[in-house]
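J.: The structure follows.
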Amino acid sequence: MKKGISVISVGIFLAGLIVGAMIAQNGSRLVQDAEAAGGIVKSPTSAAPERYVYYPGTEALAPDEMRVIACGTGMPAARHKQAAACFLVELGNGDKFFFDLGTGAMANVAALMIPYDFLDKVFISHLHTDHWGDLASLWAGGWTAGRTSALKVWGPSGPTEDFGTKFAVEHFLLAYNWDYRSRQATLANEPGRIEVTEFDYRGNNQVIYNQNGVTIRSWPAIHIADGAVSFALEWKGLRFVFGGDTGPNKWFIEHAKGADLVIHESFFLPTQFVELYGRDLKATLNVTTVLHTSPQAFGKIMSVVRPRHAVAHHVFNDEETRYEVYDAIRETYDGPLSLATDMMVWNVTKDEIKVRMAEATESAYSVPGPKPVPFPEADVDPLMYYSKETLDGRWDVSDVEKKMKEEFKKKYGLD
Ligand SMILES: [Zn+2]
Ligand SMILES: [Zn+2]
Numbered sequence: 001m002k003k004g005i006s007v008i009s010v011g012i013f014l015a016g017l018i019v020g021a022m023i024a025q026n027g028s029r030l031v032q033d034a035e036a037a038g039g040i041v042k043s044p045t046s047a048a049p050e051r052y053v054y055y056p057g058t059e060a061l062a063p064d065e066m067r068v069i070a071c072g073t074g075m076p077a078a079r080h081k082q083a084a085a086c087f088l089v090e091l092g093n094g095d096k097f098f099f100d101l102g103t104g105a106m107a108n109v110a111a112l113m114i115p116y117d118f119l120d121k122v123f124i125s126h127l128h129t130d131h132w133g134d135l136a137s138l139w140a141g142g143w144t145a146g147r148t149s150a151l152k153v154w155g156p157s158g159p160t161e162d163f164g165t166k167f168a169v170e171h172f173l174l175a176y177n178w179d180y181r182s183r184q185a186t187l188a189n190e191p192g193r194i195e196v197t198e199f200d201y202r203g204n205n206q207v208i209y210n211q212n213g214v215t216i217r218s219w220p221a222i223h224i225a226d227g228a229v230s231f232a233l234e235w236k237g238l239r240f241v242f243g244g245d246t247g248p249n250k251w252f253i254e255h256a257k258g259a260d261l262v263i264h265e266s267f268f269l270p271t272q273f274v275e276l277y278g279r280d281l282k283a284t285l286n287v288t289t290v291l292h293t294s295p296q297a298f299g300k301i302m303s304v305v306r307p308r309h310a311v312a313h314h315v316f317n318d319e320e321t322r323y324e325v326y327d328a329i330r331e332t333y334d335g336p337l338s339l340a341t342d343m344m345v346w347n348v349t350k351d352e353i354k355v356r357m358a359e360a361t362e363s364a365y366s367v368p369g370p371k372p373v374p375f376p377e378a379d380v381d382p383l384m385y386y387s388k389e390t391l392d393g394r395w396d397v398s399d400v401e402k403k404m405k406e407e408f409k410k411k412y413g414l415d
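Counting in my numbering, the sequence shown runs from 1 upward without gaps.
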């Protein structure tokens with residue numbers, strides 16, 4: 001009996017040591033996660049009361065809650081596991097905003113099964129493809145899948161007109177002219193438009209958006225060329241800050257200070273970049289510490305900014321990379337931290353910041369929203385972009401389709 005008690009007390013003592021060490025090493029993060037995983041399943045027929053993963057589409061947002069989902073956290077080169085930079089911010093007032101829309105991100109966005117009509121606002125930090133390369137997918141995919149109004153894009157000007165967002169989007173539509181014009185023949189035209197708001201990249205904490213209680217500001221970033229920016233979104237006393245690509249800069253320190261969720265790039269260590277990318281040594285130091293922000297510098301930034309929660313992105317987050325990056329950040333920052341990977345989710349309220357992973361389906365369809373999809377333009381001839389020569393090439397299959405077409409018409413009451 002006596003022996004049993006002493007074993008239990010040693011056990012409790014050891015558990016206390018382990019928890020203490022976890023808190024000391026990792027702030028409150030591990031303990032918070034452990035609490036999120038708690039909750040008793042009360043009967044064989046009841047649901048788990050507290051979920052430690054996020055199942056998209058199953059949780060209503062509270063009126064004062066912000067949910068941020070990492071839909072891309074990687075690099076310009078594509079991979080299954082991580083798309084390029086994209087963070088979706090969802091607010092309890094119903095507004096949703098993209099901050100960057102890097103290549104590959106839309107597959108993650110689609111897995112959230114949010115109606116495209118709610119996904120019409122995109123803020124671009126700079127015009128590298130790993131930050132806006134999936135605009136094509138949101139634009140055309142959203143148009144065919146039920147967006148009812150024009151897509152809205154906000155982005156910085158550049159040192160010259162041709163480096164700006166307006167030029168980029170206008171020429172994007174020209175490059176996709178065949179796509180754009182041909183779809184106009186079969187879809188309502190308005191949702192195919194893109195409205196661009198270009199703002200001065202030099203603006204220092206300037207307001208670039210102010211609607212429905214949401215204020216978004218921008219300030220310059222330092223990244224390869226003029227025309228890159230960072231953003232802050234404020235709503236109901238919560239502040240979200242997003243840095244795209246940038247070397248450490250004084251504006252970020254000043255304007256991100258004390259924000260709730262602060263996202264900033266933390267690039268590969270120079271040794272990792274040489275070993276994983278085989279880049280020459282001189283270029284490596286320039287890329288990892290001048291054009292981008294090293295993990296040590298990220299840590300220094302966050303130790304001055306002191307956010308409620310810091311988020312690092314823009315590395316391939318793998319077993320062989322993440323611990324070195326984490327340890328390097330911990331040389332200079334000891335506060336709450338996530339090393340982002342795709343489908344990581346942060347629920348932010350005044351009381352709590354909860355971090356989980358989303359468990360999303362691989363087989364998502366687009367989900368209709370409450371507004372009916374507008375009809376195609378009445379006066380458009382769907383054959384207008386065919387020549388007689390092409391039309392004459394059609395091969396008659398009416399004999400095999402006759403029955404199927406009749407059944408279709410009968411089922412839906414068509415003439
Ligand atoms: Zn980038
Ligand atoms: Zn970049």
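Glycine is no exception: its CB is placed at the ideal position from the N, C-alpha and C atoms.
1. By a C-beta neighbour count over all protein chains shown, 10 Å radius and 16 as the cutoff for buried, is Y412 buried or exposed?
2. Is P191 close to chain D? Criterion is C-beta to C-beta, closer than 8 angstroms.
3. What is the residue span of the alpha helix (DSSP H) that Y323 lies within?
4. Using DSSP with H/G/I as helix, E/B as strand and the rest coil, what is W346?
5. Flag H128 as yes when its Cβ comes closer than 7 angstroms to any non-hydrogen atom of ligand 1, and as no otherwise.
6. Are H126 and D245 touching if we call contact CB-CB under 8 angstroms?
7. Between I5 and I263, what straight-line distance do the alpha-carbon atoms span, to the nearest angstrom?
8. With DSSP run on the structure shown, which of helix, strand or coil describes Y386?
9. Could you spell out the range, first to last residue, of the alpha helix (DSSP H) harbouring L285?
10. Within this structure, are the beta carbons of A312 and A358 separated by less than 8 angstroms?
11. Any heavy atom of ligand 2 within a distance shorter than 7 angstroms of the CB on D245?
12. Is M75 helix, strand or coil when you go by DSSP?
13. Apply the 10 Å Cβ neighbour rule to L60 and answer buried if 16 or more other Cβ atoms are within range, or exposed otherwise.
14. For I263, which beta-bridge partners are listed by DSSP?
15. Taking the beta strand (DSSP E) that S230 falls in, what are its first and last residues?
16. Mapping DSSP to helix, strand and coil, what is V89?
17. What residue from F231, F267, N108 has the CA that sits closest to M75's CA?
18. So for A34, helix, strand or coil by DSSP?
19. Give the straight-line distance between the Cα atoms of S157 and S149, rounded to the nearest whole angstrom.
20. Buried or exposed: which applies to V305, given that a residue is buried once 16 or more other Cβ atoms fall within 10 Å of its Cβ?
T.: In this structure, then:
1. In the sequence shown, residue 412 corresponds to position 412, counting from 1. By the neighbour-count rule (16 or more Cβ atoms within 10 Å), Y412 is not buried but exposed.
2. The structure shown contains no chain D; it is built from a single protein chain.
3. In the sequence shown, counting from the first residue as 1, residue 323 sits at position 323. That run of the alpha helix (DSSP H) goes 319-330.
4. Sequence index remark: in the sequence shown, residue 346 carries index 346 (1-based). The answer is strand: DSSP assigns W346 an E or B state.
5. For this step, residue 128 is matched to residue 128 along the sequence shown. H128: yes, Cβ under 7 angstroms from ligand 1.
6. Within the sequence shown, the letter at position 126 stands for residue 126. Within the sequence shown, the letter at position 245 stands for residue 245. Yes, the Cβ-Cβ distance between H126 and D245 is below 8 angstroms.
7. If you number the sequence shown from 1, residue 5 lands on position 5. If you number the sequence shown from 1, residue 263 lands on position 263. In this prediction, I5 has a pLDDT of 42, which is less than 50 and means its spatial position is unreliable; nothing more can be read from the coordinates.
8. Numbered from its first residue, the sequence shown carries residue 386 at position 386. It is coil, neither helix nor strand.
9. In the sequence shown, residue 285 corresponds to position 285, counting from 1. Start and end: 281-286.
10. Within the sequence shown, numbered from 1, the residue matching residue 312 stands at position 312. Within the sequence shown, numbered from 1, the residue matching residue 358 stands at position 358. No, they are not a contact pair.
11. Reading the sequence shown from its first residue, position 245 is the one you call residue 245. Correct: D245 has its Cβ closer than 7 angstroms to ligand 2.
12. For the purposes of this step, residue 75 is taken as the residue at position 75 of the sequence shown. Reduced to three states, the DSSP call for M75 is coil.
13. Within the sequence shown, residue 60 is the residue found at index 60, counting from 1. A small fix is needed here, since residue 60 is Ala in this sequence, not Leu. With fewer than 16 Cβ atoms within 10 Å of its Cβ, A60 is classed as exposed.
14. Position 263 of the sequence shown holds residue 263. BP columns for I263 point to F242, V311.
15. To locate residue 230, count along the sequence shown from 1; it is residue 230. Run containing S230: 229-235, per the beta strand (DSSP E) assignment.
16. The residue you call residue 89 lines up with position 89 of the sequence shown. Strand, per DSSP.
17. Start at 1 with the first residue of the sequence shown, and residue 75 comes out as number 75. For the residues F231, F267, N108, the minimum Cα distance to M75 belongs to F267.
18. Within the sequence shown, residue 34 is the residue found at index 34, counting from 1. Residue placement at A34 is flagged as unreliable, the pLDDT there being 42, under the threshold of 50; the coordinate-derived value follows with that caveat. In this structure, A34 counts as helix in the three-state DSSP scheme.
19. Along the sequence shown, one-based indexing puts residue 157 at 157. Along the sequence shown, one-based indexing puts residue 149 at 149. Between S157 and S149, the C-alpha separation is close to 25 angstroms.
20. For the purposes of this step, residue 305 is taken as residue 305 along the sequence shown, with counting starting at 1. V305 comes out buried.
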